[in-house]
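Before any comments, here is the structure.
Numbering (my numbering), first residue to last: 52 to 721.
Following this line, the structure appears as structure tokens:
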């Protein structure tokens, strides 16, 4: 572990740091009182006892440097420059709060000062800080990011994946562990096989420093070393700060079932603010004006500042109720690109070749766009999804990763928050289930929780679908799962022309997009124009016009339904085939218009039936187009079972052409 030597700190710096710690402490004590009175509507995780860590580290940060924090983030926010009133108003649920009343104690956003968010989930901040570091690597600026987290986070997979990625890419990140001895109510001495956080850095080739987290100068010195290293391009540092929270895990919780009063009182005697005050008097007490009385006057000034912040916050307005669902998505960017017809194409391209074209155009347009995934570099991707791009854009923008899906998807979140445009190639949809929390709890919610001030231009792409004897861990689809969550857009093309235009739309937007590619379609060719173009989301394609029955299908099922429609045409049945192309947003209007014409509806979906795409379409058509129906809506789905390996079993589990023909004939007989 690295050694720390105490720097010379002048009087002005000491006093500034003392003021910052006092401001945090008195704000927290005010919030504790307010929680008792009911002014704080939810949880309140105070930072009392740990002030030296936030202040000592962030004293070295500029306005461009970024902080990603955990549920106990009040101190980090204020040390980064957040006014007390902004923090207090947030916990009071007021529109003047830092997150405009959307976050409360655990979700603090102020990107204007580089406070990029705190999370109620343990450890994502580690990955997000690495993502910001990747942005700084691309921009070649000397900025630094920091992740603050408790000792409980170091037993989480995000800690290991985050430190490994930061080490591999030499990212300018400080990983600051506030080891306050307890993860909620579980002692770290019990939950960790290795009770020393700092010496874990060596496992990832990262310098580490262990300090007394209640000693302001020790923290300040360690952070100075780490920040200097990061700004010089020498990579990340892990800092373990041994500290203690002297109030309960959250205000109102029982405190003395898992720790004793004597233990808490012992740590109170090590108060970082008292120690700072004593250090100031010892170092500068002989100077004129540096007295205990003078320091008392500073404390009174801070108390008055906090009292005024409370008064202003308690009088502030609540948000307008009708704003509760705003900023789920970004404002759409209008495309100036013409939309050519497939008839204008001079050549045919496969599904994958078409997406490579779209990706190349986007990488040329956006200097901060990068692709990350396993084998996407020189190899060009397992399915040639980045073929030829490594030579054009280099290793930083076409970046290979370890097998670390949660890690690099969480990194992508932080990279997007800090201004990059990451494209994550996860190979198979099954693999990102390990990262579902990063997608659903972080990527999908950041724009909303930040009140639209932070954009999330992340594209997550990979294969779905059965049909190639890959068995259950390489054949999943899950698009309806992700389509359920607000903040995510879900795209499922069925052909190369649509794939190029829809991928270009995903790459151009400011929202997170899951771009899901059926494995059985990747090599299928069709006419694709050479130029760049975008197909707007939420606009279904009428693949085949008809008058007797409407069939809605997706991805590979579009091709099977088209074969079935051709067979039925020979029997005098006219099928109108609709491909939604995107399921979030879902173009129900086109389906309704078709049903108004045909009077019958069949939804063919390879994925499982319960709670799926067919159920959603059926519900909306029943609600808005019931009078147009001449027969009950039918659904044809894959069986409610994992995908088996043997072709005989696999084919029996997903709809085939004969199944579609039979379902349409049954519907026509109604």
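Built from N, CA and C at the ideal position, the CB exists for glycine as well. Every value quoted in this text rests on a predicted model; they were computed, and no experiment measured them.
* To do: For the beta strand (DSSP E) holding residue 569, just list the boundary residues, first then last.
  => That run of the beta strand (DSSP E) goes 564-569.
* **Outcome for residue 59 when other beta-carbon atoms lying within 10 angstroms are tallied against a minimum of 16** => Residue 59 should be labelled exposed.
* Count the other CB atoms within 10 Å of the CB of residue 583; is the residue buried (16 or more) or exposed (fewer)? -> Per the 10 Å Cβ criterion, buried.
* Asked: Does the pairing of the region 282-295 with the region 68-76 give three or more beta-carbon distances under 8 Å?
  -> In the pairwise beta carbon analysis, the region 282-295 is classified as not touching the region 68-76: fewer than three pairs are separated by under 8 Å.
* Pairing CB atoms from the region 430-442 with CB atoms from the region 458-472, are three or more of them under 8 Å? -> No, the region 430-442 is not in contact with the region 458-472.
* May I have the straight-line CA-CA distance separating residue 659 from residue 528, to the nearest angstrom? => Roughly 9 Å between the two C-alpha positions.
* To do: Grab the span of the beta strand (DSSP E) containing residue 259 for me, first residue to last.
  => 259-263 is the extent of the beta strand (DSSP E) around residue 259.
* Asked: Does DSSP put residue 133 in a helix, in a strand, or in coil?
  -> The DSSP-derived three-state label of residue 133 is coil.
* Asked: For residue 696, is the classification buried or exposed, using 16 other Cβ atoms within 10 angstroms of its Cβ as the cut-off for buried?
  -> So residue 696 counts as exposed.
* When you compare only the Cα positions, how much space is there between residue 123 and residue 157? -> Residue 123 and residue 157 have their alpha carbons spaced roughly 7 Å apart.
* **Which residues DSSP lists as bridging residue 688, in chain order** => 656, per the DSSP bridge assignment.
* Do the region 567-587 and the region 532-546 make contact, defined as three or more Cβ pairs closer than 8 Å? -> Yes: the two stretches touch, three or more of their Cβ pairs being nearer than 8 Å.
* Asked: Excluding the five sequence neighbours on either side, which residues of its own chain have a C-beta within less than 7 Å of the C-beta of residue 107, listed in chain order?
  -> Once the five neighbours on either side are set aside, the close Cβ partners of residue 107 are 267, 270, 271 and 274.
* To do: With hydrogens ignored, establish whether the beta-carbon of residue 209 is closer than 6 Å to any heavy atom of the ligand COA.
  => What this structure holds is no ligand at all, so the ligand COA is not there to describe.
* Which residues does DSSP pair with residue 420 in a beta bridge? -> DSSP lists 472 as partners of residue 420.
* With DSSP run on the structure shown, which of helix, strand or coil describes residue 85? -> DSSP places residue 85 in helix when its eight states are reduced to three.
* To do: Give me the Cα-Cα distance between residue 142 and residue 310, rounded to the nearest whole angstrom.
  => Inter-residue distance for residue 142 and residue 310 is about 27 Å (C-alpha atoms, whole angstroms).
* Coarse secondary structure for residue 709, derived from DSSP in three states -> In the three-state reduction of the DSSP assignment, residue 709 falls in the helix class, which pools H, G and I.
* **Between the CA atoms of residue 265 and residue 691 - distance to the nearest angstrom** => Linking residue 691 to residue 265 through their CA atoms gives a straight-line distance of about 56 Å.
* Report back the beta-carbon spacing between residue 452 and residue 425 to the nearest angstrom; my notes put them in contact at under 8 Å. => Correct: roughly 6 Å between the Cβ atoms.
* **Rounded C-alpha distance that separates residue 624 from residue 599** => When rounded, the separation of the alpha-carbon atoms in residue 624 and residue 599 is 6 Å.
* Asked: What number of angstroms, rounded off, separates the C-alpha of residue 307 from the C-alpha of residue 371?
  -> When only Cα atoms are considered, residue 307 and residue 371 end up about 40 Å apart.
* **Helix, strand or coil at residue 230 [DSSP, three-state]** => Strand.
* Among 146, 581, 351 and 666, the one whose alpha carbon lies nearest that of residue 398 -> Closest by alpha carbon: 581.
* To do: Please state whether DSSP places residue 347 in a helix, a strand or coil.
  => The DSSP-derived three-state label of residue 347 is helix.
* To do: Note down the Cα distance separating residue 180 from residue 351, rounded to an integer number of angstroms.
  => Answer to the nearest angstrom: the Cα atoms are 36 Å apart.
* Which of the three DSSP states, helix, strand or coil, is assigned to residue 578? -> The three-state reading of DSSP puts residue 578 in strand, counting E and B together.
* Contact under 7 Å by Cβ, residue 149 with residue 133 -> Yes, the Cβ-Cβ distance between residue 149 and residue 133 is below 7 Å.
* To do: Taking residue 608 as the reference, give the member of 621, 594 and 620 with the closest Cα.
  => Here the closest residue by C-alpha is 594.
* To do: For residue 431, I'd like the list of residues in its chain whose CB is within less than 8 Å of its CB, leaving aside the five on either flank, ordered along the chain.
  => Beyond the five residues adjoining it in sequence on each side, residue 431 comes within less than 8 Å, by CB distance, of 437, 438, 439, 440 and 441 in the same chain, given in chain order.
* Simplified DSSP assignment, three categories, for residue 523 -> DSSP, reduced to helix, strand and coil, places residue 523 outside both helices and strands of the structure shown, so it counts as coil.
* In whole angstroms, what separates the C-alpha of residue 575 from that of residue 511? -> Those two C-alpha atoms are separated by around 22 Å.
* Among 685, 700, 646 and 701, the one whose alpha carbon lies nearest that of residue 711 -> Here the closest residue by C-alpha is 685.
* Among 152, 219, 212 and 228, which one has its Cα closest to the Cα of residue 203? -> Closest option to residue 203, Cα to Cα, is 228.
* To do: Tell me whether residue 331 sits in a helix, a strand or coil according to DSSP, three-state version.
  => Helix.
* Where does residue 61 fall in DSSP's three states? -> Look at residue 61 here: in three-state DSSP terms it is coil, with no helix or strand label.
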